[in-house]
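Presented below is the structure to which this report refers.
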Amino acid sequence: MPRKPRRTKVFNFSKCLTPGLVPMPETPPPSPPREELIEEVGENDPNVTDSIMSNEIFTKGALVEVSSDEEGFHGSWFAATVVKSVGKDKFLIEYKCLRTEDDLALLREEVDNMHIRPHPPENVVDHFKQLDEVDALYNDGWWVGVISKVLRGSRYIVYFKETCEELEYQHSELRLHQDWIDGKWVIPSRELKL
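Quick look at the structure:
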């Protein structure tokens with residue numbers, strides 16, 4: 026069974042101002058339009074456009090999903106809300122279901138743009154077929170798997186490559202898997218998994 030991510034402390038740097046120094050104003054000056062930013066640095070630099078795009082998509086309050094490279098969490102996505110941007114391509118998020126170790130609050134963590142994506146659009150599926158790639162709801166997260174067997178009564182056996190396990194799921198606990206690639210949602214092709 027996967028374990029919950031560790032709690033990350035968030036440090037408030039505003040309390041560390043040297044006496045006599047004037048803090049930065051709360052509201053920064055207006056930013057130039059996106060097109061001007063791209064032209065200044067170079068419109069052919071994909072890192073710049075990706076960075077600008079992720080800061081536009083992952084704004085405060087945006088519903089997102091977060092993944093982890095931590096052992097036991099590969100292939101899973103957890104619902105969260107963006108609290109704020111905390112630097113270039115980094116965001117403070119608050120999970121919707123994961124809680125701190127003391128269980129007193131929702132867990133907050135800093136994540137980079139490689140581990141965050143928008144909440145996927147809903148794709149209504151009447152029934153899944155064998156070899157369909159799906160996300161299965163387990164322990165408050167969505168885990169990537171493949172339908173290995175279709176059962177009666179809208180039930181399915183799902184195979185999880187990361188753990189080499191097969192578990193049974195109701196239709197309502199599954200969704201069609203989608204990948205967030207280059208700012209677009211992509212549904213993987215069945216032929217690619219064979």
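Numbers given in our numbering equal positions in the sequence shown, counted from 1, plus 25. Every residue, glycine too, gets a C-beta built ideally from N, C-alpha and C.
{"Item": "Secondary structure at P50, three-state DSSP: helix, strand or coil?", "Value": "Residue placement at P50 cannot be trusted, given a pLDDT of 36 that sits under 50; what the coordinates show is reported in the next sentence. Of the three classes helix, strand and coil, the one that applies to P50 here is coil, per DSSP."}
{"Item": "DSSP puts S110 in a beta bridge; with which residues?", "Value": "F116"}
{"Item": "Alpha carbons only, please: which of P145, Y181 and G166 is nearest the one belonging to I172?", "Value": "Y181"}
{"Item": "Taking three-plus beta-carbon pairs below 8 Å as touching, is the segment 144-155 in contact with the segment 128-135?", "Value": "no"}
{"Item": "Skipping 5 residues on each side, what residues in its chain have a beta carbon closer than 7 Å to that of D165?", "Value": "F103, C122 and L123"}
{"Item": "Specify the secondary structure class of I82 as computed by DSSP and reduced to three states.", "Value": "helix"}
{"Item": "Around the Cβ of D157, are there at least 16 other Cβ atoms within 10 angstroms (buried) or fewer (exposed)?", "Value": "buried"}
{"Item": "Are D151 and R200 close, meaning C-beta to C-beta below 7 Å?", "Value": "no"}
{"Item": "Could you tell me the distance, in whole angstroms, from the CA atom of G170 to the CA atom of Y184?", "Value": "5 Å"}
{"Item": "What's the call for I206, buried or exposed, on a 16-neighbour Cβ count within 10 Å?", "Value": "exposed"}
{"Item": "Start and end of the beta strand (DSSP E) containing S173?", "Value": "G166 to V175"}
{"Item": "What are the uninterrupted segments assigned as beta strand (DSSP E) that are 3 or more residues long and contained completely in the segment 172-216, given in chain order?", "Value": "180-185, 190-195, 199-201, 204-206 and 209-211"}
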